[in-house]
Ligand code: 13P
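Next up, the structure:
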């Protein structure tokens, strides 16, 4: 089956109380690790490419890798999304290049301007069968060139604005700032996500898919391995998995994960380098890294509740 849009996935996720994992890909090993997990767990999948990933690996390589994944897994619905498109032109380029979903992130712009550019992307994308994610409120942390706000609690999405934004822009899903943050240093103390905001927007837009960015849990096992084997990641902290699960049962239908993939890969590579200092065959350290990604993603699919849901999303 060819790449699909996120329409059916979100419809089923919303109806049946789970979220679909959206994982960022930058190379072959990361993609293969994710794909091996979803093939075993029979879960729907969103693969995401950022502008940074495309600059690193090139669109043709990434698309070719993803196309192989799609061909080899005809029983799994797979969507491909542009993560954090910053302008209409960027989004247009990704639509033209065959992405089935694009995100326009104009959340730093004033409300009306955010709506205007989102509407422009929606018009272009919908005419070509592509769905659009937009963002309201602002996240913290840093993701490549996307620099977030310092105090996330002051930039939580406003439910009145969320309803107006969706109605006026026509976007297919909305990323709502709810207290999360990109990267490995999300919080200084126990995080408090704005579940009340998610619940209120969910009640006022029944069945409408919300998206949670910055959802990595910064898993202890990987941070500990990194620190044990020469890394330096003190105070790394993510979103507790129980909070991710709770959000996934509510109106959140898409959960973005990048940092946890990076941590799994880095931890395993560091371990191999430390335990076998003479190793210089990339397959011998990228292979274990890929395996760690697979196991981590399998676990995430359980946290999100989407394991076993591939067939209902076809
Ligand atoms: P993390 O940094 O928490 O993995 O979030 C990634 C993300 O939201 C990509 O858009």
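Numbering (my numbering), first residue to last: 832 to 1145. Backbone N, C-alpha and C define an ideal beta-carbon position, used for all residues, glycine too.
So, are the CB atoms of residue i and residue j less than 8 angstroms apart?
i, j, result
"residue 988", "residue 1028", "yes"
"residue 936", "residue 902", "no"
"residue 1144", "residue 859", "no"
"residue 933", "residue 912", "yes"
"residue 1013", "residue 979", "yes"
"residue 1006", "residue 964", "yes"
"residue 1128", "residue 841", "no"
"residue 1001", "residue 1073", "no"
"residue 1057", "residue 999", "no"
"residue 849", "residue 1140", "yes"
"residue 1080", "residue 1033", "no"
"residue 1096", "residue 1050", "no"
"residue 897", "residue 878", "yes"
"residue 1062", "residue 1047", "no"
"residue 1124", "residue 865", "yes"
"residue 1138", "residue 944", "no"
"residue 922", "residue 880", "no"
"residue 1060", "residue 1105", "yes"
"residue 847", "residue 870", "no"
"residue 852", "residue 1115", "no"
"residue 837", "residue 1004", "yes"
"residue 955", "residue 926", "yes"
Helix, strand or coil: which one does DSSP assign to residue i?
i, result
"residue 854", "strand"
"residue 1144", "helix"
"residue 909", "strand"
"residue 887", "helix"
"residue 1034", "helix"
"residue 935", "strand"
"residue 788", "Residue 788 falls outside the range modelled here, since the chain spans only 832 to 1145, and no answer is possible."
"residue 1087", "strand"
"residue 1016", "strand"
"residue 902", "helix"
"residue 1064", "coil"
"residue 823", "Outside the shown range of the chain, which is 832 to 1145, sits residue 823, and nothing can be said about it."
"residue 1027", "helix"
"residue 928", "coil"
Along the chain, where does the beta strand (DSSP E) that runs through residue i open and close?
i, result
"residue 943", "It is not in any beta strand (DSSP E) - residue 943 instead sits in the alpha helix (DSSP H) that spans 942-957."
"residue 1043", "1041-1043"
"residue 1012", "Neither: residue 1012 is in no beta strand (DSSP E) and is coded neither H nor E."
"residue 1000", "Residue 1000 -> not in any beta strand (DSSP E); alpha helix (DSSP H) instead, spanning 990-1000."
Could you give the first and the last residue of the continuous alpha helix (DSSP H) run that contains residue i?
i, result
"residue 1056", "1051-1059"
"residue 876", "Not the alpha helix (DSSP H): residue 876 falls in the beta strand (DSSP E), residues 876-881."
"residue 871", "859-872"
"residue 1079", "1072-1080"
"residue 964", "Per DSSP, residue 964 belongs to no alpha helix (DSSP H); it is in the beta strand (DSSP E), 962-967."
"residue 970", "Counting along the chain, residue 970 falls outside any alpha helix (DSSP H), and DSSP gives it neither H nor E."
"residue 1124", "1113-1135"
Would you please state the rounded distance, in angstroms, between the beta carbons of residue i and residue j? I believe it to be under 8 angstroms.
i, j, result
"residue 972", "residue 1017", "6 angstroms"
"residue 1067", "residue 1015", "4 angstroms"
"residue 992", "residue 930", "Between residue 930 and residue 992 the Cβ distance is about 27 angstroms, and since that is not below 8 angstroms, they are no contact."
"residue 886", "residue 857", "Not really, about 10 angstroms apart at Cβ, beyond 8 angstroms."
"residue 994", "residue 1035", "5 angstroms"
"residue 1011", "residue 968", "At roughly 10 angstroms, the Cβ-Cβ gap does not stay under 8 angstroms, so residue 1011 and residue 968 are not in contact."
"residue 970", "residue 1030", "The Cβ separation is near 19 angstroms, so there is no contact."
Exercise for the section: Taking 8 angstroms as the threshold, find out whether the stretch 1074-1092 comes into contact with the stretch 1100-1119 through three or more Cβ pairs. Expected result: The stretch 1074-1092 is not in contact with the stretch 1100-1119.
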